[in-house]
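Participant: With UniProt numbering applied, the sequence shown has no gaps in its numbers, which climb one by one up to 354 at the end.
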Amino acid sequence: MKLALHRIAGTTVSTLTTGNLADNMECFMILTPGQQLAVAILALTLGTFTVLENLVVLCVILHSQTLRSRPSYHFIGSLAVADLIGSIIFVYSFLDFHVLHRKDSPNIFLFKLAGVIASFTASVGSLFLTAIDRYISIHRPMAYKRIITKTKAVIAFSMMWTISIIISLLPLLGWNCKRLGTVCSDIFPLIDQKYLMFWIGMTSILLLFIIYAYMFILWKSHHHRSTVRPDQARMDLRLAKTLVLILVALIICWGPLLAIMVYDLFGKVNDFIKTIFAFCSMLCLLNSTVNPVIYAMRSKDLRRAFLNICHMCRGATQTLDSSGESDWNIKSVRTTAGRISACHRLCSPCGGEF
């Protein structure tokens, strides 16, 4: 049932036996009926919230011309699209496999897996672009509007989506252990361990930069706390809370999953670890659930745009600043200069107050 490894004359040769890991999907369907019920409830609950949240975010951004004109909201919109698509594909594929025990052909299975990989990779990529946007607003505040433009934002997230889709299709196009006769992953059917190592490395680099960027921003905020007025200090405190929330969400949602994937590369994975991994996979869905709350719904201008939609039938609307700068940024520029103003600008690079 396992992939047998034989060392002959110093060369490692992988041989596949009948009913091996690559073909026998049943060895991955290890959840008990009670566990299946639990993951089904979790997946359907989180999936429903994720779809509704991201639909709201997308509708508000698409409806507001002011928000669409701000480059940062292109990244927020990309994140919402990735999380929306990812939640639908993940819930369907996960329950279809672990609960309904559907045994697809290798190509169909890899096609479904490609959808999950593409959407979650694009989600991390969108977080990466958002972190770059906020990092530049602090590190290069005076050049921010020249560096981050609407055209560059569209090019950036378009390239990111293209790369994510290409990477996700590699197993379907031939980089899988069934076709190559190489070592298979113990937690992903048909996935070559070298591909898994490649994906882990790429995702880890993106996540590490995201963490670094927000740690840098947090340090800048703390560094200037003693030089600002009390009202600005309160803004810094709100900024710090938001940044800590971002870091905690990243570590909790991606840390356990990546740790098990790394263990799969170097250790022996049994059914207990596979069960833990199945439940930890819910953390990816949880990350897609909290992303709209952290990155979009805490934006003052997005909330105002949402209220405008709700009040349109009454003819009462609130005006968004159409200059491309948030109301937060205008206050900061008037009361502070240089890096201090950039610090407050970061609180809402998307055009709102956190």
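From the three backbone atoms N, C-alpha and C, an ideal C-beta is built for every residue, glycine too.
CB-CB under 7 Å to Phe128, same chain, minus the five flanking residues each way: which ones, in chain order?
Facilitator: On the sequence shown, residue 128 is found 128 positions in, with the first residue counted as 1. Leu206, Phe209 and Ile210, listed in sequence order.
Participant: Taking Cβ to Cβ, would you say Leu31 is nearer than 8 Å to Val39?
Facilitator: Within the sequence shown, numbered from 1, the residue matching residue 31 stands at position 31. Within the sequence shown, numbered from 1, the residue matching residue 39 stands at position 39. A contact, by the Cβ cut-off of 8 Å.
Participant: To which residues does DSSP link Ile191 through a beta bridge?
Facilitator: The residue given as residue 191 occupies position 191 in the sequence shown. In DSSP, Ile191 forms a bridge with Asn176.
Participant: Let's see if you can read the secondary structure: which residues bound the alpha helix (DSSP H) around Arg70?
Facilitator: Walking along the sequence shown from the start, residue 70 turns up at place 70. Segment: none, Arg70 is in no alpha helix (DSSP H) and carries neither H nor E.
Participant: Report the partner residues of Cys184 according to the DSSP bridge assignment.
Facilitator: As a first step, residue 184 is located in the sequence shown; it is residue number 184 there, counting from the start. Note: Cys184 sits in a beta bridge opposite Asp192.
Participant: Please report the residue range of the alpha helix (DSSP H) in which Lys300 lies.
Facilitator: Locating residue 300 in the sequence shown gives position 300, counting from the first residue. Start and end: Lys300 to His311.
Participant: Could you tell me which uninterrupted alpha helix (DSSP H) segments, each at least 4 residues in length, are contained entirely in the stretch 60 to 128, listed from first to last along the chain?
Facilitator: As far as the stretch 60 to 128 is concerned, its whole alpha helix (DSSP H) runs of at least 4 residues are 65 to 68 and 71 to 98.
Participant: Val293 by DSSP, collapsed to three states: which one?
Facilitator: If you number the sequence shown from 1, residue 293 lands on position 293. Three-state DSSP puts Val293 in a helix.
Participant: Under 6 Å Cβ to Cβ from Ala122, same chain only, skipping five residues before and after it: list those, please.
Facilitator: Locating residue 122 in the sequence shown gives position 122, where the first residue counts as 1. Cβ within range, chain order: Ala82, Trp161 and Ser164.
Participant: I need the straight-line Cα distance from Cys184 to Ala143, nearest angstrom please.
Facilitator: One-based indexing of the sequence shown puts residue 184 at position 184. One-based indexing of the sequence shown puts residue 143 at position 143. Their backbone Cα atoms lie some 48 Å apart in a straight line.
Participant: Between the Cα of Ile246 and the Cα atoms of Pro256, Asn287 and Cys280, which residue gives the shortest distance?
Facilitator: If you number the sequence shown from 1, residue 246 lands on position 246. Of the listed residues, the one whose Cα sits closest to Ile246 is Asn287.
Participant: Taking the continuous alpha helix (DSSP H) assigned at Arg146, which residues delimit it?
Facilitator: In the sequence shown, counting from the first residue as 1, residue 146 sits at position 146. Residues Tyr144 to Ile147.
Participant: Who are the Cβ neighbours of Cys253 in its own chain at under 8 Å, not counting the five residues just before and after it?
Facilitator: For the purposes of this step, residue 253 is taken as residue 253 along the sequence shown, with counting starting at 1. Result list for Cys253: Leu283, Cys284, Leu286, Asn287 and Val290, in chain order.
Participant: How is Ile30 classed by DSSP in three states: helix, strand or coil?
Facilitator: The residue labelled residue 30 in the question sits at position 30 within the sequence shown. Ile30: coil per DSSP, three-state reduction.
Participant: Within 10 angstroms of its Cβ, does Leu55 collect 16 or more other Cβ (buried), or is it exposed?
Facilitator: Walking along the sequence shown from the start, residue 55 turns up at place 55. Under this definition Leu55 is an exposed residue.
Participant: Taking Ile108 as the reference, which of Met159, Met25, Lys150 and Ala80 has the closest Cα?
Facilitator: For the purposes of this step, residue 108 is taken as residue 108 along the sequence shown, with counting starting at 1. Among Met159, Met25, Lys150 and Ala80, the Cα nearest to that of Ile108 belongs to Met25.
Participant: Roughly how many whole angstroms lie between the Cα atoms of residue 386 and Pro292?
Facilitator: There is simply no residue 386 to check, as the chain begins at 1 and stops at 354 in what is shown.
Participant: Between Met261 and Leu172, is the Cβ-Cβ spacing less than 8 Å?
Facilitator: As a first step, residue 261 must be located in the sequence shown, where it is residue number 261. As a first step, residue 172 must be located in the sequence shown, where it is residue number 172. It is not a contact, given that the beta carbons lie outside the stated cut-off.
Participant: With a threshold of 16 other CB atoms inside 10 Å of the CB of His101, please say whether the residue is buried or exposed.
Facilitator: As a first step, residue 101 is located in the sequence shown; it is residue number 101 there, counting from the start. Label assigned to His101: exposed.
Participant: If distances are taken between C-alpha atoms only, which option among Ser281, Ser158, Leu257 and Leu265 comes closest to Ala93?
Facilitator: In the sequence shown, residue 93 corresponds to position 93, counting from 1. Per the sequence presented here, residue 93 reads as Ser, with Ala not at that position. For Ser93, the nearest C-alpha among the options comes from Ser281.
Participant: In its own chain, which residues sit with a C-beta less than 7 Å from the C-beta of Leu95, not counting the 5 before and 5 after it?
Facilitator: Walking along the sequence shown from the start, residue 95 turns up at place 95. Hits under 7 Å: Ala40 and Ala43.
Participant: Flag this pair as touching only if the stretch 262 to 281 and the stretch 185 to 194 have three or more C-beta atom pairs under 8 Å; answer yes or no.
Facilitator: Judged by Cβ distances under 8 Å, the stretch 262 to 281 makes contact with the stretch 185 to 194, as three or more pairs qualify.
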